[in-house]
Amino acid sequence: MKEISFEKLESGNFNIYSLDQFNRYQETLVNLRLVNGSYIYVDEPFVETWNATQLREKAQNILNAIALGCIGFIAKYNKQVIGFAYLGHKILGSEKQYIDLIMFHVSNEFRNKGIGKRMFNLICDEARKLPVKKIYISSNSAKETQEAYRALGCIL
């Protein structure tokens, strides 16, 4: 198996076609919901995936983020982008205490291999250089996604 590389996201290593082989597929059975003031997991099955048009839209969003100076990383395997994450370009919050994690995804067949953890650590290292206290994350409510963020040390 070839080695996975991690690179800072920039226009020289990312283009409109970079996500063409990316597999967003996620089958979800249980989701986190706020019910009567408490967060609980509820049965609510769905499948999330991105078609070719959506992949190109996401790629364009990333190119726009690069142009704005957003900080991010990509993971590559065999020259294909298999993971990506980037921070917003604005500091948020009433006390300017947050930076937004805009997107953070790993291609389905490469999940649970430490790629997301490595990218998240790279993103956190960059966020520590900014005058912020926390990274704001708005994520999918799927149990697997919530557990992945908790495993990375995130709190609800």
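Residue numbers for the sequence shown follow the numbering used here, beginning at 6 and rising by one. Here a beta-carbon is modelled for each residue, glycine too, at the ideal position from N, C-alpha and C.
{"Check": "Below-8 Å beta-carbon distance, F78 vs any chain B residue", "Outcome": "Checking the listed chains, one finds no chain B in this structure; it contains a single protein chain."}
{"Check": "Bounding residues of the alpha helix (DSSP H) (the contiguous stretch that carries G121)", "Outcome": "120-133"}
{"Check": "Same chain only: Cβ atoms within 6 Å of L157, ignoring 5 sequence neighbours per side", "Outcome": "F125"}
{"Check": "Run of the alpha helix (DSSP H) containing R61, from where it starts to where it stops", "Outcome": "57-73"}
{"Check": "Beta-carbon gap between V40 and K148 smaller than 8 Å", "Outcome": "no"}
{"Check": "Stretch-stretch touch, CB-based, cutoff 8 Å, three pairs: the segment 110-118 with the segment 70-78", "Outcome": "no"}
{"Check": "Residue range of the unbroken alpha helix (DSSP H) whose run includes A156", "Outcome": "148-156"}
{"Check": "Exposure label - S143; buried when at least 16 CB within 10 Å", "Outcome": "exposed"}
{"Check": "Beta-carbon gap between A90 and I128 smaller than 8 Å", "Outcome": "yes"}
{"Check": "Under 8 Å between C-beta atoms of F11 and R123", "Outcome": "yes"}
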